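Undergrad: Heads up, the sequence shown is in my numbering, so the first residue is 13 and it goes up one at a time. Before I ask anything, here is the structure I am working with.
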Amino acid sequence: MRRPLPLSAAAASQALPLFLLLLFFSAADAHNITRILAKHPEFSTFNHYLTITHLAGEINRRLTITVLALDNSAMSALLDKHFSVGTIKNVLSLHVLVDYYGAKKLHQLSKGTTLSSTLFQATGSATGTSGYVNITNLKGGKVGFGSEDNGGDLNSFYVKSVVEMPYNISILQISKVITSADAEAPTAAPVSLNLTEVLPKQGCKAFSDLLIAAGAIETYQSNVDGGLTMFCPTEDALNAFLPKYKNLTAAHKVSLLLYHGMPIYLSLQMLKSNNGVVNTLATDGGAKYDFVIKTDGEDVTVKTKVVTATVTATLIDSEPLIVYEVDKVLQPKELFKAVPEENDEAPAPKSSPKKKTKAPSPKASDGEVAEDADSPIGSDESDGEPEDQTADKNGAFGSNGQRSIVAMMLSLWFAVLLV
Ligand SMILES: *[C@@H]1O[C@H](CO)[C@@H](O)[C@H](O)[C@H]1NC(C)=O
Ligand SMILES: *[C@@H]1O[C@H](CO)[C@@H](O)[C@H](O)[C@H]1NC(C)=O
Ligand SMILES: *[C@@H]1O[C@H](CO)[C@@H](O)[C@H](O)[C@H]1NC(C)=O
Ligand SMILES: *[C@@H]1O[C@H](CO)[C@@H](O)[C@H](O)[C@H]1NC(C)=O
Ligand SMILES: *[C@@H]1O[C@H](CO)[C@@H](O)[C@H](O)[C@H]1NC(C)=O
13 MRRPLPLSAA AASQALPLFL LLLFFSAADA HNITRILAKH PEFSTFNHYL
63 TITHLAGEIN RRLTITVLAL DNSAMSALLD KHFSVGTIKN VLSLHVLVDY
113 YGAKKLHQLS KGTTLSSTLF QATGSATGTS GYVNITNLKG GKVGFGSEDN
163 GGDLNSFYVK SVVEMPYNIS ILQISKVITS ADAEAPTAAP VSLNLTEVLP
213 KQGCKAFSDL LIAAGAIETY QSNVDGGLTM FCPTEDALNA FLPKYKNLTA
263 AHKVSLLLYH GMPIYLSLQM LKSNNGVVNT LATDGGAKYD FVIKTDGEDV
313 TVKTKVVTAT VTATLIDSEP LIVYEVDKVL QPKELFKAVP EENDEAPAPK
363 SSPKKKTKAP SPKASDGEVA EDADSPIGSD ESDGEPEDQT ADKNGAFGSN
413 GQRSIVAMML SLWFAVLLV
């Protein structure tokens, strides 16, 4: 069964008003590594691998970035090693510096040497500081590059500047692959991420035991490849909740457990910039099982109508899977008594002197004919809509293409915020 995309129209309209759509186009204009390199056929292999490793998207959504490009012969030396795509991704991500180096700056490093962080470091795939690249000005105008874990050996050299768009993106050709034992280490292919194995190892044992016992792990597992965000309650939070949990029927246990997942990958940055109502794996037609994500200063909170939990850690971030730790079990209002809101948000109706009459709904009489035409990425799953129709709309909405467009737009939106 297809799962609805968890962004409801409410969240979407908050996240993507029209002006952001306009910005989206200018951000897309800022740079597209695939398109830039397409004009330079000597980098076609490198370009191809940026695409299949999804590094191209990561590069496009960042500003102030330097790509150390490898020509086709340098790439064939890399491909001769028969690495998995995951390993090639790590190696190439070491070639993307998260700082801007034009040719001029490169040849005039203060102190003649520097360390630059890379995407390999930034994505957390590197061990220790192995994701840093040492750049050093050498005799005769040469510039050497070496990874931090290469024993001080600068094994690759600057060749030429390919494209410079200060200070968005710079593409510099270097002579060969920067050697790094850590980046070249075998990686588990992301498709083989097995939640049963990975969750207990990454600090989510108690919750994963419950998922297995209740038979909910399969639903989570089936969502991994398409993108999955999980909220894993701490062991203490689960222990405190256990008496209430035991009281639930088997079906409600499953619903409660599925309530802790969203069928989309949302990085912490995306969560922060993406406040609003989201659906969960437990959402099923009329049974909403949704909650509100809210940024509160540095914290991200998950508010159900029953509890407010805080994200306390990121346990796993390996796109398409991300697992956050939360300090409370998320209790849906469908299963537990809602706590009346005290202060924030909705203005208290009683404080209003005039008695509000319910505004007539614009689509009250026409049923489903009147749709929210101005909703940017889809319509809300309204109450009272026939279930199969809801499923249809969600099906179209949740198709991979749409999903990635939404994800891309959200990422670009975030890139725009960084400008
Ligand atoms: C970048 O350019 C390539 C090739 O022209 C195109 O297929 C791709 O959709 C573009 N990506 C973005 C984000 O615009
Ligand atoms: C970079 O490597 C060179 C050669 O091993 C070394 O002399 C230099 O101190 C390193 N630079 C930094 C910033 O660590
Ligand atoms: C850098 O990106 C901004 C928008 O993101 C754009 O306005 C600017 O023209 C770009 N700079 C260059 C040199 O392309
Ligand atoms: C995940 O690992 C468990 C335990 O090793 C195994 O029983 C299960 O079949 C695996 N599931 C998948 C989907 O590979
Ligand atoms: C479990 O259910 C019983 C009967 O409905 C109720 O009396 C009891 O308070 C519940 N226990 C908890 C911990 O919710």
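Virtual Cβ for every residue (Gly too), placed ideally from N, Cα, C. Nothing here was measured: the structure is a model prediction, and the numbers come from that model.
Using DSSP's beta-bridge definition, name the partner residues of Cys244.
TA: DSSP output for Cys244 lists Glu337 as bridge partner(s).
Undergrad: Determine the burial state of Ala50: buried for a count of at least 16 other Cβ atoms within 10 Å of its Cβ, exposed for fewer.
TA: Ala50 is exposed by the Cβ-count criterion.
Undergrad: In chain order, what residues of the same chain have a beta carbon less than 6 Å from the beta carbon of Phe348, not counting five sequence neighbours either side?
TA: Contacts found: Val318.
Undergrad: Using a Cβ-Cβ cut-off of 8 Å (strictly less than) and excluding sequence neighbours within five positions of Glu196, which residues of its own chain qualify?
TA: Closer than 8 Å at Cβ, skipping near neighbours: Lys93, Phe95, Thr99, Asn102 and Val103.
Undergrad: With a CB to CB cut of under 8 Å and the five nearest residues on each side skipped, what residues in its chain are close to Ile77?
TA: The answer, listed in chain order, is Ile71, Val108, Leu109, Val110, Asp111, Tyr112, Asn180, Ile181 and Ser182.
Undergrad: What residue range is occupied by the uninterrupted beta strand (DSSP E) comprising Tyr170?
TA: It spans Ser168 to Met177 - the beta strand (DSSP E) in which Tyr170 sits, taken as one unbroken run.
Undergrad: Can we count Asn72 as close to ligand 1, meaning its CB is less than 8 Å from some heavy atom?
TA: Yes, since a heavy atom of ligand 1 falls inside the 8 Å radius drawn around the Cβ of Asn72.
Undergrad: Should Leu166 be listed as close to ligand 2, given that the test is whether its C-beta is under 8 Å from any heavy atom?
TA: Leu166: yes, Cβ under 8 Å from ligand 2.
Undergrad: Between which two residues does the beta strand (DSSP E) carrying Phe55 extend?
TA: Looking at the DSSP string, Phe55 is not in any beta strand (DSSP E), and its letter there is neither H nor E.
Undergrad: Leaving aside the five residues before and after Val304 along the sequence, list all residues of the same chain whose C-beta is less than 6 Å from its C-beta, in chain order.
TA: Around Val304: Val289 and Lys315.
Undergrad: Does at least one heavy atom of ligand 1 sit under 8 Å from the Cβ of Asn44?
TA: Asn44: yes, Cβ under 8 Å from ligand 1.
Undergrad: With DSSP run on the structure shown, which of helix, strand or coil describes Asn72?
TA: Three-state DSSP puts Asn72 in a helix.
Undergrad: Would you decide whether Asp311 is buried or exposed? Buried here means 16 or more other CB atoms lie within 10 Å of its CB.
TA: So Asp311 ends up on the exposed side.
Undergrad: Note down the Cα distance separating Lys154 from Asp165, rounded to an integer number of angstroms.
TA: Distance between the alpha carbons of Lys154 and Asp165 is about 14 Å.
Undergrad: Heavy atom of ligand 5 less than 8 Å from the Cβ of Pro255, yes or no?
TA: Flag set: Cβ of Pro255 near ligand 5.
Undergrad: Return yes when at least one heavy atom of ligand 4 lies under 8 Å from the C-beta of Gln233, else no.
TA: At least one heavy atom of ligand 4 is nearer than 8 Å to the Cβ of Gln233, so yes.
Undergrad: Mind checking whether the beta-carbon of Asn259 lies closer than 8 Å to any heavy atom of ligand 5?
TA: Asn259: yes, Cβ under 8 Å from ligand 5.
Undergrad: By alpha-carbon positions, which one of Val189, Asn286, Asn162 and His272 ends up nearest to Lys340?
TA: Ranking Val189, Asn286, Asn162 and His272 by Cα distance to Lys340 puts His272 first.
Undergrad: Counting C-beta neighbours from all protein chains within 10 Å, is the total for Gly69 16 or more, i.e. buried, or is it exposed?
TA: That one is buried.
Undergrad: Please classify Ala89: is it buried, with 16 or more other beta-carbons within 10 angstroms of its beta-carbon, or exposed?
TA: With fewer than 16 other Cβ atoms within 10 Å, it is exposed.
Undergrad: Any chance the CB of Ala197 is under 8 Å from a heavy atom of ligand 1?
TA: No, since every heavy atom of ligand 1 falls outside the 8 Å radius drawn around the Cβ of Ala197.
Undergrad: If you draw a straight line from the alpha carbon of Lys256 to that of Thr322, how long is it in whole angstroms?
TA: C-alpha separation (whole angstroms): 20 Å.
Undergrad: Can you give the Cα-Cα distance for Val210 and Leu222, rounded to whole angstroms?
TA: When rounded, the distance between both Cα atoms is 15 Å.
Undergrad: Helix, strand or coil for Phe95? Go by DSSP, reduced to three states.
TA: Coil.
Undergrad: Cβ-heavy atom distance between Leu75 and ligand 3 below 8 Å?
TA: Because some heavy atom of ligand 3 lies under 8 Å away, the Cβ of Leu75 counts as near it: yes.
Undergrad: Could you tell me whether any non-hydrogen atom of ligand 1 is closer than 8 Å to the CB of Ala218?
TA: Every heavy atom of ligand 1 is 8 Å or more from the Cβ of Ala218, so no.
Undergrad: Can you tell me the Cα-Cα spacing of Ala226 and Pro275, whole angstroms?
TA: Going from the Cα of Ala226 to the Cα of Pro275 covers about 19 Å.
Undergrad: State yes or no: is the C-beta of Gly158 nearer than 8 Å to some heavy atom of ligand 2?
TA: Yes, the beta carbon of Gly158 sits closer than 8 Å to at least one heavy atom of ligand 2.
Undergrad: From Ser267 to Asp308, what does the alpha carbon distance come to, in whole angstroms?
TA: For Ser267 and Asp308, the distance between alpha carbons rounds to 27 Å.
Undergrad: Return the Cβ separation of Ser279 and Ile334 in integer angstroms, given the expectation that the two are a contact with Cβ distance under 8 Å.
TA: Yes, they are in contact, since the Cβ atoms of Ser279 and Ile334 sit about 6 Å apart, within 8 Å.
Undergrad: Distance check for Gly124 and Gly239, CA to CA, integer angstroms please.
TA: If I take the Cα positions, the gap works out to 43 Å.
Undergrad: Flag this pair as yes or no: are the beta carbons of Leu293 and Asn235 separated by less than 9 Å?
TA: In contact: Leu293 and Asn235 (Cβ atoms closer than 9 Å).
Undergrad: Compare the Cα-Cα distances from Asn84 to each of Lys188, Asn259, Phe243 and Cys216 and report the closest residue.
TA: Closest by alpha carbon: Lys188.
Undergrad: Based on DSSP bridge pairs, tell me the residues matched to Thr324.
TA: Answer is none; Thr324 lacks a bridge partner.
Undergrad: State buried or exposed for Lys265, treating a residue as buried only when at least 16 other CB atoms are found within 10 Å of its CB.
TA: When all chains shown are included, Lys265 counts as buried.
Undergrad: What's the C-alpha gap between Gln214 and Ile229?
TA: So the alpha carbons of these two residues sit roughly 16 Å apart.
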